[in-house]
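According to my numbering, the stretch in the sequence shown is residues 1 to 316, in order.
Glycine included, every Cβ here is placed at the ideal spot set by N, Cα and C.
Computed from a prediction, not measured in an experiment: that's the story for all the values here.
This report refers to the structure that appears directly beneath it.
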Amino acid sequence: MARGTGTSKAKTNTKGFWGKSEVFAFRVPRPYKNMEIISDIKAMQNRCLAARDSGQKISFVPTMGFLHEGHLSLLREGRKRGDLLILSIFVNPTQFGQGEDLDCYPRDFERDEAMARECGVDLLFYPEAEAIYPPGYATYVSVDGPLTTTLEGACRPTHFRGVTTVVTKLFNIVMPHVALFGRKDFQQLAVISRMTSDLNLPIDIVGMPIIREEDGLAMSSRNVYLCNSERKQALALNDTLRQTAEMAQNGESNAEKILTMAQGRLHAEADLEIDYVKICNAQSLEEVNTIDHESVILLAVSVGKTRLIDNGNLIS
Ligand code: PAF
1 MARGTGTSKA
11 KTNTKGFWGK
21 SEVFAFRVPR
31 PYKNMEIISD
41 IKAMQNRCLA
51 ARDSGQKISF
61 VPTMGFLHEG
71 HLSLLREGRK
81 RGDLLILSIF
91 VNPTQFGQGE
101 DLDCYPRDFE
111 RDEAMARECG
121 VDLLFYPEAE
131 AIYPPGYATY
141 VSVDGPLTTT
151 LEGACRPTHF
161 RGVTTVVTKL
171 FNIVMPHVAL
181 FGRKDFQQLA
191 VISRMTSDLN
201 LPIDIVGMPI
211 IREEDGLAMS
221 SRNVYLCNSE
231 RKQALALNDT
241 LRQTAEMAQN
251 GESNAEKILT
261 MAQGRLHAEA
271 DLEIDYVKIC
281 NAQSLEEVNT
291 IDHESVILLA
301 VSVGKTRLID
311 NGNLIS
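This is the structure we're talking about:
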């Protein structure tokens, strides 16, 4: 879809923090039913303020698009938790480091749009990068400390600053009552929860379970990069998590022993490169020596050129 074009115009008259204003939002043809698509930030804010003013509860699922069953599970839960379900699709440049896959990140707006409509999304926010980060943009939000410096933060030093900045901006635009995130990005969920609490944002952050393919691979937009042989090798991630959980359930509480087994299992796959395998406390993300009900195992590996992350509880 070309942004800002479509068959019909919707005129919204709203009032709120930004005063009374008249805004035009453009819609695309509607093959299914009732989903607005808005790219303009001011139009979006006015639409969301009007919804809040009329007493609607807004639930929000922020994404970078290329939707899969994991995203759809967030949308279905969001549908239950709010009156107005909002999805955003924005491939956020500030969370990609140099040499990462920003330029080739998978995109398919038409497909996403159809999936969103089928899931009952009311409003799709689809901004341009230049609108979110206009020339002269200079403000960033970052969460300090181990939550952002370990694990993904150690491998991708600017990543979380980009995530927390864009999520704050999206929260300010959408003004949701509830926002839903997947637990596959376990650390991202912890960082966003911390930020929301630290900044007293009046938003309920809901973490949703990992959705897996039938063979156990955690759903991710990046799975599309995997060729057949890499796809098979990638099964080692979930296999490793399953085996570590089995070890823990069978009474092993020594984190080092569990990690040694996990590394051995991952090393058994020739083309798999381990970034990290760590057992951490689920709240602080600090590494632990002895596992308990709060311990989570997190891993990041590259399969060929594709970097995958996964995680799991050790004692359920
Ligand atoms: O998880 C994602 O898709 C992204 O990190 C998010 C939360 C939409 C921010 O760009």
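Excluding the 5 residues flanking residue i on each side, which residues of the same chain have their C-beta closer than 8 Å to its C-beta?
i	result
residue 206	77, 81, 178, 179, 180, 181
residue 97	156, 157, 158, 159
residue 263	274, 277
residue 246	none
Using a Cβ-Cβ cut-off of 6 Å (strictly less than) and excluding sequence neighbours within five positions of residue i, which residues of its own chain qualify?
i	result
residue 300	275, 276, 309
residue 194	143, 147
residue 337	In the structure as shown, the chain begins at 1 and stops at 316. Residue 337 is therefore absent and cannot be evaluated.
residue 168	141
residue 254	none
residue 61	74, 75, 78, 87, 180
residue 57	82, 83, 177
residue 204	178
residue 105	91
residue 197	none
residue 119	72, 75
residue 161	140, 142
Output needed for residue i: all residues of its chain with C-beta closer than 7 Å, excluding positions within five of it in sequence on either side, in chain order.
i	result
residue 303	226, 230, 233, 234, 271, 272
residue 248	258, 291, 314, 315
residue 107	65, 66, 91
residue 319	Because the chain here runs from 1 to 316, residue 319 falls outside it and cannot be looked at.
residue 286	146, 280
residue 131	41
residue 190	147, 285
Alpha carbons only, please: which of the options is nearest the one belonging to residue i?
i	options	result
residue 53	144, 92, 84	84
residue 241	220, 221, 210, 224	210
residue 192	215, 75, 79, 165	165
residue 122	222, 79, 236	79
residue 127	117, 41, 187	41
residue 125	283, 296, 176, 244	176
residue 129	39, 113, 184, 281	39
residue 99	312, 150, 305	305
residue 101	89, 36, 221	221
residue 289	265, 252, 219	252
residue 133	112, 118, 170, 186	170
residue 307	239, 208, 224	224
residue 188	34, 212, 265, 95	95
residue 236	47, 55, 117, 265	265
Is it buried or exposed for residue i, if we count other Cβ within 10 angstroms and need 16 for buried?
i	result
residue 110	exposed
residue 202	exposed
residue 103	exposed
residue 296	buried
residue 71	buried
residue 163	buried
residue 36	buried
residue 217	buried
residue 244	buried
residue 311	buried
residue 260	exposed
residue 256	exposed
residue 185	buried
residue 298	buried
Measuring only between beta-carbons, confirm whether residue i sits less than 9 Å from chain D.
i	result
residue 103	Absent from the structure is chain D; it holds one protein chain and no more.
For the structure I just gave you, are there three or more beta carbon pairs, one from the stretch 264-277 and one from the stretch 147-162, closer than 8 Å?
yes
The stretch 127-142 in contact with the stretch 50-68 per 3-pair CB rule at 8 Å:
no
Considering only heavy atoms of the ligand PAF, list every residue whose Cβ is less than 6 Å from one of them, following chain order.
62, 63, 64, 92, 95, 163, 166, 167, 185, 188
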